[in-house]
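A.B. asks: Questions regarding the structure given below will be posed in turn.
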Amino acid sequence: MTISSDVSSPLVVVVGATGIQGGSVIHNLIASDKPYRLRGLTRDASKPAAQKIKELGVDIVSVNISVGNEAAVREAFRGATVVFSVTNFWEHMDVARETAEGKLMVDAAKAVDVKLFIFSGLPHVSKLSGGKYGNVQHFDGKGEIAEYARSQLPTVDVQAGYYMTNLTNPLVALTKVEDGSYLWERPTSGDPRFPYIDMEHDYGLFVRYAIESPEYNKGGGTIHTYGELVRTSEAAATLERVRGIKVAVTDFPGPEAQRAKLEGLGFPPHIVLDFLDSVVMAENGYYFGLELSEEQQKVRAGLARQPRTFEEFLRANPEFLKQ
Numbered sequence: 001m002t003i004s005s006d007v008s009s010p011l012v013v014v015v016g017a018t019g020i021q022g023g024s025v026i027h028n029l030i031a032s033d034k035p036y037r038l039r040g041l042t043r044d045a046s047k048p049a050a051q052k053i054k055e056l057g058v059d060i061v062s063v064n065i066s067v068g069n070e071a072a073v074r075e076a077f078r079g080a081t082v083v084f085s086v087t088n089f090w091e092h093m094d095v096a097r098e099t100a101e102g103k104l105m106v107d108a109a110k111a112v113d114v115k116l117f118i119f120s121g122l123p124h125v126s127k128l129s130g131g132k133y134g135n136v137q138h139f140d141g142k143g144e145i146a147e148y149a150r151s152q153l154p155t156v157d158v159q160a161g162y163y164m165t166n167l168t169n170p171l172v173a174l175t176k177v178e179d180g181s182y183l184w185e186r187p188t189s190g191d192p193r194f195p196y197i198d199m200e201h202d203y204g205l206f207v208r209y210a211i212e213s214p215e216y217n218k219g220g221g222t223i224h225t226y227g228e229l230v231r232t233s234e235a236a237a238t239l240e241r242v243r244g245i246k247v248a249v250t251d252f253p254g255p256e257a258q259r260a261k262l263e264g265l266g267f268p269p270h271i272v273l274d275f276l277d278s279v280v281m282a283e284n285g286y287y288f289g290l291e292l293s294e295e296q297q298k299v300r301a302g303l304a305r306q307p308r309t310f311e312e313f314l315r316a317n318p319e320f321l322k323q
């Protein structure tokens, strides 16, 4: 559809409009049969990615979402029916900064009477594990922001699954060995299922559901996003079948080997501890099993289309991990 210019149409403000998640939200709302006015926020409206979105009919606004710039954020949110917000821990690896910026967006949304606040969150690992795993800052910070948002205004926490594109991340990437095959070292023991998602293509599907579902757009809630629950061994088998890549899956010898690898990659001590505590995902699951609930299956059944499986992602992106 064409983006609406009718002032009676809901205005959705998208933080991080040129990013993977924000871009997915914009494209999936454009695909809706319902009319929306869209305002995309970015730090640099002149960059090509911003101009490309502008050509679609999205109003692009430059704003720096940071402590001390509250007035500009309120102005960027003004008139919004819905705000989609996202924070980027890995940009600075500072959980205090992330939570401060997240809460700033909540406060700005409340100040201008936004009807629905949608946040790209993650489970609060420390609380869900009863304090056993207290160092997974890149999850817990987002969990804290979502909790704060729920205390202030109707909020949907649309939690981000495991990026399929993470397979090229140095921490989990496949390593090519001399005989042309690949080694895939799992950072966690066992072979747990991860909620794989083609983030760029499908994350916005779940945000669209949150906006268009009468249940979620009035009362809020939590949505766990994924395209398919996949074990590492299953992903390796799919790569062999679709890409012709021979993959041997192994585990790191233990936490000290993980620590050495992370330190070798230059990560600071708090991030090393963060990744070491991520073993919780093998023990309890990425979403602690909450994605299997009847309510979450109802969400999936109500999506405008079904998200891609890992195999569908590979076939739709032939250059990804191409031999």
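1 is the number of the first residue of the sequence shown in the UniProt record's numbering; add one for each residue after it.
Note that CB positions come from ideal geometry on N, CA and C, so glycine has one too.
1. Roughly how far, in whole angstroms, is the beta-carbon of I53 from the beta-carbon of I20, given that I think they are within contact range, below 8 Å?
2. Say whether the segment 267-284 touches the segment 127-145, bearing in mind that this needs 3 or more beta-carbon pairs closer than 8 Å, one atom from each stretch.
3. Please state whether DSSP places V246 in a helix, a strand or coil.
4. What beta strand (DSSP E) runs, 3 residues minimum, are completely inside the segment 15-58?
5. Does the segment 156-166 come into contact with the segment 212-225, if we say contact requires no fewer than three beta-carbon pairs (one atom in each stretch) closer than 8 Å?
6. Output the boundary residues of the alpha helix (DSSP H) element that contains I211.
7. From G244 to D202, what does the alpha carbon distance come to, in whole angstroms?
8. DSSP on F320, reduced to helix/strand/coil?
9. To the nearest angstrom, report how far apart residue 386 and S181 are at their CA atoms.
10. With a cut-off of 8 Å on the beta carbons, I'd call L128 and K142 a contact; round off their distance for me.
11. Might you give, ordered along the chain, the residues of its own chain that have their beta carbon closer than 6 Å to the beta carbon of R150, omitting 5 neighbours on each side?
12. Please state whether the Cβ-Cβ distance between V63 and A80 is less than 8 Å.
13. For I197, collect the residues of the same chain with a Cβ closer than 6 Å to its Cβ; drop the 5 residues on either side in sequence, then sort them by chain order.
14. If you compare alpha carbons, which of A282, P170 and V299 is closest to D191?
15. Can you round the beta-carbon distance between V14 and L38 to whole angstroms, since I take them to be within the 8 Å contact cut?
16. Is the beta carbon of F84 sitting closer than 8 Å to the one on I118?
17. Taking C-beta to C-beta, are V86 and S46 nearer than 8 Å?
18. Rounded to whole angstroms, what is the Cα-Cα separation between M169 and R259?
19. Looking only at its chain, what residues have a beta carbon closer than 6 Å to the beta carbon of G57, apart from the 5 residues adjacent to it on each side?
20. Would you report the Cα separation of A108 and R186, rounded to the nearest angstrom?
21. Alpha carbon to alpha carbon, how far is P268 from V280? Give it in angstroms, no decimals.
22. For L289, count the other beta carbons within 10 Å of its own beta carbon; 16 or more makes it buried, fewer makes it exposed. Which is it?
23. Report the option in P307, A304, L239 and A248 whose CA atom is closest to the CA atom of K322.
24. Rounded to whole angstroms, what is the Cα-Cα separation between P307 and L205?
C.D. replies: A quick look at the data gives this:
1. Incorrect: roughly 13 Å between the Cβ atoms, too far for contact.
2. yes
3. Correcting the residue type first, residue 246 is Lys in the shown sequence and not Val. Three-state result, K246: coil.
4. 37-42
5. yes
6. M199 to E212
7. 26 Å
8. In the structure shown, F320 sits in coil (DSSP, three-state: anything other than H, G, I, E or B).
9. Lying outside 1 to 323, the shown extent of the chain, residue 386 is not represented and no answer is given.
10. With 8 Å as the limit, L128 and K142 do not qualify as a contact, their Cβ atoms being about 13 Å apart.
11. none
12. no
13. Result list for I197: G161, T225, Y226 and G227, in chain order.
14. A282
15. 7 Å
16. yes
17. No.
18. The question names Met, yet the displayed sequence has Asn at residue 169. Rounded to whole angstroms, N169 to R259 spans 17 Å at the Cα level.
19. Leaving aside the five residues that flank G57 on each side, the residues in its chain whose CB is nearer than 6 Å to its CB run, in chain order, I3.
20. 41 Å
21. V280 and P268: Cα-Cα distance of roughly 20 Å.
22. Reading off the sequence shown, one finds Gly at residue 289, where the question assumed Leu. By the neighbour-count rule (16 or more Cβ atoms within 10 Å), G289 is not buried but exposed.
23. Closest by alpha carbon: L239.
24. 8 Å
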